[in-house]
Amino acid sequence: MALELAGGAYAPNVVRVRAGAPLRLRVTVRDADTCATRLLVPDLGVDLALVPGGTSEALVAAPAPGGHVFTCAAKMVKGTIVVE
Ligand SMILES: [Cu+2]
């Protein structure tokens, strides 16, 4: 799945992915000046460093089915990954 951080928000904000497959998370930061220097998905053990103007990746081998909230480090910018 691919996410963009642009205009202070993640797009898309809700992401649906298939259960039973590894999840590759790609996050591209379009904003030059942002507080979102990390992407956290606590349920899935993801703490990914983000790079303004760049793309970062994390791999989750076996994401559990259900809804998993992701946030910036300060928990202001949020979204949900739905594994189904
Ligand atoms: Cu933030």
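In our numbering, the protein residues as written are 25 to 108.
C-beta atoms are modelled at their ideal positions from N, C-alpha and C, and glycine is treated no differently.
For V101, the Cβ falls inside the 7 Å cut-off from some heavy atom of ligand 1. Shown here, P76 sits in a strand according to DSSP, grouped into three states.
Bounds of any beta strand (DSSP E) do not take in T58, whose DSSP letter is neither H nor E.
With a 10 Å radius around the Cβ and a threshold of 16 neighbouring Cβ atoms, V75 comes out exposed.
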